[in-house]
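Trainee: Supplied in structure tokens, the structure appears directly below.
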Amino acid sequence: MRPAFSRAPEKSDGKKYVQDRVWEDRELVRSYDKKNAKFYTCGRSYLAAAVRAVCIRIVAEHNGDERLAEELFRNNQLECFAMDIFG
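So in our numbering, spot 30 of the sequence shown is number 18, and the numbers just go up one at a time.
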């Protein structure tokens, strides 16, 4: 588990937002993805869009094509990602 606490960033290595944590840990995220890991995110409703955007950015950084990255993310989203969204 890699937490990000907006009201207590000192408890999450200075990471205030989930998308910042995911971006910083992108190499780890990539390695887990290669092992078909499942990713779980919990937070407010706007979090889903921010996490989706950073995941697409991670894929695009690796393959150099943002449109392809978006398609790959969309195709794998239901199998790999679970989000508990509230508010």
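Glycine included, C-beta positions come from ideal geometry on N, C-alpha and C.
Between the stretch 31 to 46 and the stretch -4 to 11, can you find at least three pairs of beta-carbon atoms closer than 8 Å?
Mentor: Enough Cβ pairs lie closer than 8 Å, so yes.
Trainee: Whose C-alpha, out of Ala36, Asn51, Arg14, Ser0, is nearest the C-alpha of aspartate 72?
Mentor: That would be Ala36, whose Cα lies nearest to the Cα of aspartate 72.
Trainee: Roughly how far, in whole angstroms, is the beta-carbon of lysine 26 from the beta-carbon of cysteine 68, given that I think they are within contact range, below 8 Å?
Mentor: About 6 Å separates the two Cβ atoms, so the contact holds.
Trainee: Who pairs with lysine 32 in a beta bridge, going by DSSP?
Mentor: Inspection of the sequence shows that residue 32 is occupied by arginine rather than by lysine. The partner list for arginine 32 (beta bridge, DSSP) reads Phe74.
Trainee: Hey, glycine 75 and arginine 32 are a contact pair by Cβ (cut 8 Å); roughly how many whole angstroms apart?
Mentor: Between arginine 32 and glycine 75 the Cβ distance is about 5 Å, and since that is below 8 Å, they are a contact.
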